[in-house]
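Residue numbers (this note's numbering), protein chains in the order written: chain A, 25 to 265; chain B, 25 to 265.
C-beta: ideal position from N, C-alpha, C; glycine also.
The structure displayed is predicted, hence computed values, not measured ones.
Number of protein chains: 2
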Amino acid sequence: MSNKPTLNTSLSPALLHLYDLSNSVVVIIDVFRATSTIASALYNGAKCVIPVDSVPKAIDISKSIGGIAAGERDGMIAEGLQHGNSPLEYTRDFIENKTLVLTTTNGTRLLQMALDKNADTIISGSFPNLSAVCDFLVKENKNVVLGCAGWKDRFNLEDTLFAGAVINRIAQHFTIHCDSSLMAETMYLQNKNKMIDFAPQLTHYHRLVERFGLIEDIRYCLTDDVANVLPVYMDGKLVAQ
Amino acid sequence: MSNKPTLNTSLSPALLHLYDLSNSVVVIIDVFRATSTIASALYNGAKCVIPVDSVPKAIDISKSIGGIAAGERDGMIAEGLQHGNSPLEYTRDFIENKTLVLTTTNGTRLLQMALDKNADTIISGSFPNLSAVCDFLVKENKNVVLGCAGWKDRFNLEDTLFAGAVINRIAQHFTIHCDSSLMAETMYLQNKNKMIDFAPQLTHYHRLVERFGLIEDIRYCLTDDVANVLPVYMDGKLVAQ
């Protein structure tokens, strides 16, 4: 028997209940774009990111603490907000020493689910902070659940590809009996050298690029280690560790 | 705009609620082994297969109609039954002109869910009846949901590979905006010529082969068109169309 901790991949928030989170590090993965934006903001000096589940809550909290309210619904800046869910919006000039109060369609909801299920530790992952995530998971040496945010509970490939990237780097440190993880690594290996070319096949690509012209966002969100911080959730906030 | 019907792939029963089944042909996919067994029994002349959700129900119904009660729980012949969920058990000598009353861990449950969601048409699919399924779906020209039974709501690769095989054959007849389908076809194309060699990587392979020695079952369940009938569900029974 191996004494290595386990690693599992949850392909949708609707499958998260299948995994025991109470002894696990849960990685929230919302590649397009929440967790890429969180990495970007923290990398560029944001004090913290407060994820919230509604626009009114984002506005209320940001007012009370002097933060930046931001978020999207269905890929667009949410009504009533001035700032959206683009990682490129959160430059150092704009976000340094500020608090970002962020609400998104999928990532925020998944994080709340992980909290409700008493996850041992919650971090957020995306290609921009791939190495920081992998280093942390190996160092912690605990069970891991890679939690894909998907799109309104549907499977999506970009989150799966990120899970595959993590697995490809750290698999030897874990016991993996999980077809989702095997599939994720296979899909990653097949596409890792052509991620930008593969992107137009993704349903979410069409949502973002054809409807909103966010090709630069897509490129950023698929680039390794351009915002290599580790966002850890504690006391209601994601802070860079 | 395309007038082609849509095709979607549901990777787990826990994701089936995301799809509109009321105007769709739903393909129940439980490669290891329920839908392979259903194909085998009908191909070998069974009058019909009655899927039921419990062992007592299988026994009661088979007694009242003089049928064969069969089924598995967790991969083994279910307690109280003499016949299991092996497609190789249902030879022509044994099953011709008989009714099989079958209860299984995953496939039967998914079929009930599709019924509850008012699926327009329900058929069952597996590699042994791949061509019959594809021919029917093209001929019907309706929306399609490929429903993977998975393992206790977890994603599994063998059902996904079958979905990919169907998509690979009939994609040109459908509108497909579905990352699950794209992934399924990719995984299928990568493994179609080495299915038996790939099988040992599947979690379910270990469940069946290492614990129960069912390697011949696995081979049968991964072979195209060896029981090429079309099981259609109507009035509580799966019958060969």
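Exercise. Who are leucine 262 of chain B's beta bridge partners in DSSP?
Worked result: Numbered from 1 along the second sequence, position 238 holds the residue referred to as residue 262 of chain B. Answer is B:Val73 and B:Tyr257.
Exercise. Just how far apart, CA to CA, sit valine 76 of chain B and asparagine 121 of chain B?
Worked result: Numbered from 1 along the second sequence, position 52 holds the residue referred to as residue 76 of chain B. Numbered from 1 along the second sequence, position 97 holds the residue referred to as residue 121 of chain B. The straight-line gap from Cα to Cα measures roughly 19 Å.
Problem set entry | DSSP three-state assignment for alanine 267 of chain B, whether helix, strand or coil | With chain B covering only 25 through 265, there is no way to say anything about residue 267 of chain B.
For this session: Identify, in the order they occur along the chain, each residue of the same chain with its Cβ nearer than 7 Å to the Cβ of asparagine 215 of chain B, setting aside the five sequence neighbours on each side.
Result: Mapped onto the second sequence, residue 215 of chain B falls at position 191. These residues qualify, in order along the chain: Leu185 and Phe222.
Exercise. Start and end of the beta strand (DSSP E) containing alanine 94 of chain B?
Worked result: As a working mapping, residue 94 of chain B is identified with position 70 in the second sequence. Element bounds for alanine 94 of chain B: 92-97.
Exercise. According to the neighbour-count rule (16 or more other Cβ atoms, all chains shown, within 10 Å of its Cβ), is isoleucine 119 of chain A buried or exposed?
Worked result: Within the first sequence, numbered from 1, the residue matching residue 119 of chain A stands at position 95. The residue is buried, with at least 16 neighbouring Cβ atoms inside 10 Å.
Exercise. Among the residues of its own chain, which have a CB less than 6 Å from the CB of serine 64 of chain A, if the five just before and after it don't count?
Worked result: By one-based count along the first sequence, residue 64 of chain A stands at place 40. Pro111, Tyr114 and Ala251.
Exercise. According to a CB-to-CB cut-off of less than 7 Å, which residues of the segment 29-41 of chain B neighbour chain A?
Worked result: Leu35, Ser36, Ala38 and Leu39
Exercise. Can you tell which of A:Ala102, A:Ile92 and A:Thr227 has its C-alpha closest to the C-alpha of arginine 178 of chain A?
Worked result: The count along the first sequence starts at 1 and reaches residue 178 of chain A at position 154. Nearest option by C-alpha distance: A:Thr227.
Exercise. At a CB-CB cut-off below 8 Å, which residues of chain B make contact with aspartate 177 of chain A?
Worked result: In the first sequence, counting from the first residue as 1, residue 177 of chain A sits at position 153. Neighbours of aspartate 177 of chain A on chain B, chain order: Leu39 and Leu42.
For this session: Pull up the distance between the alpha-carbon of alanine 208 of chain A and that of serine 86 of chain B, whole angstroms please.
Result: Reading the first sequence from its first residue, position 184 is the one you call residue 208 of chain A. Reading the second sequence from its first residue, position 62 is the one you call residue 86 of chain B. Using only the alpha carbons, I get a separation of about 43 Å.
For this session: Identify every run of the beta strand (DSSP E) within the segment 192-219 of chain B, keeping only runs that are complete inside it and at least 3 residues long; order them along the chain.
Result: none
Exercise. Where do the N-terminal and C-terminal ends of the alpha helix (DSSP H) with threonine 247 of chain B fall, by residue?
Worked result: Start at 1 with the first residue of the second sequence, and residue 247 of chain B comes out as number 223. Looking at the DSSP string, threonine 247 of chain B is not in any alpha helix (DSSP H), and its letter there is neither H nor E.
Problem set entry | Chain-order list of residues whose beta-carbon lies under 6 Å from that of leucine 35 of chain A (same chain, five-residue window excluded) | As a position in the first sequence, residue 35 of chain A is number 11, starting the count at 1. Cβ neighbours of leucine 35 of chain A beyond the five flanking positions: Cys172, Phe179 and Ser204.
Exercise. Count the other CB atoms within 10 Å of the CB of isoleucine 146 of chain A; is the residue buried (16 or more) or exposed (fewer)?
Worked result: Taking the first sequence and counting its residues from 1, one reaches residue 146 of chain A at position 122. It is buried - the Cβ of isoleucine 146 of chain A has at least 16 other Cβ atoms within 10 Å.
Exercise. In the structure shown, what three-state DSSP assignment does leucine 181 of chain B receive?
Worked result: Residue mapping note: residue 181 of chain B aligns to position 157 of the second sequence, counting from 1. Leucine 181 of chain B: helix per DSSP, three-state reduction.
For this session: Ignore the nearest five residues each way along the sequence and tell me which others in tyrosine 212 of chain A's own chain have a CB closer than 7 Å to its CB.
Result: Counting from 1 along the first sequence, the entry for residue 212 of chain A is found at position 188. These residues qualify, in order along the chain: Leu185, Gly188, Ala189 and Asn192.
For this session: Compare the Cα-Cα distances from leucine 126 of chain A to each of A:Gly149, A:Ala102 and A:Met137 and report the closest residue.
Result: Here residue 126 of chain A is taken as the residue at index 102 of the first sequence, counted from 1. The shortest Cα separation from leucine 126 of chain A among A:Gly149, A:Ala102 and A:Met137 belongs to A:Ala102.
Problem set entry | Among B:Ile74, B:Val157 and B:Val79, the one whose alpha carbon lies nearest that of isoleucine 89 of chain B | Numbered from 1 along the second sequence, position 65 holds the residue referred to as residue 89 of chain B. Comparing Cα positions, the closest option is B:Ile74.
Exercise. Taking the continuous beta strand (DSSP E) assigned at threonine 128 of chain B, which residues delimit it?
Worked result: Here the question's residue 128 of chain B lines up with position 104 in the second sequence. From DSSP, threonine 128 of chain B is part of no beta strand (DSSP E); its letter is neither H nor E.
Problem set entry | Same chain only: Cβ atoms within 7 Å of glutamate 182 of chain A, ignoring 5 sequence neighbours per side | For this step, residue 182 of chain A is matched to residue 158 along the first sequence. Only Val55, Phe56, Leu226 and His228 meet the Cβ criterion.
Exercise. Thinking C-alpha only, which one of A:Ala70, A:Ala38 and A:Leu139 is nearest aspartate 117 of chain A?
Worked result: Within the first sequence, numbered from 1, the residue matching residue 117 of chain A stands at position 93. The candidate whose alpha carbon is nearest that of aspartate 117 of chain A is A:Ala70.
Exercise. Taking the alpha-carbon positions, what's the lysine 42 of chain A to leucine 134 of chain A distance?
Worked result: Against the first sequence, residue 42 of chain A aligns to sequence position 18. Against the first sequence, residue 134 of chain A aligns to sequence position 110. The displayed chain sequence assigns leucine, not lysine, to residue 42 of chain A. Leucine 42 of chain A and leucine 134 of chain A: Cα-Cα distance of roughly 14 Å.
Exercise. Residues bridged to asparagine 32 of chain B by DSSP?
Worked result: Stepping through the second sequence from its first residue, residue 32 of chain B is reached at position 8. Answer by DSSP bridge pairing, in chain order: B:Val169.
Exercise. Serine 48 of chain B CB to nearest chain A CB: under 8 Å?
Worked result: Here residue 48 of chain B refers to the residue found at position 24 when the second sequence is read from its first residue. By this cut-off, serine 48 of chain B is not an interface position.
Problem set entry | C-beta neighbour in chain A for serine 60 of chain B, strict 8 Å | Position 36 of the second sequence holds residue 60 of chain B. So no, serine 60 of chain B is outside the interface.
Exercise. Which residues mark the beginning and the end of the beta strand (DSSP E) in which valine 51 of chain B is found?
Worked result: Counting from one through the second sequence, the residue named residue 51 of chain B turns up at place 27. Element bounds for valine 51 of chain B: 48-53.
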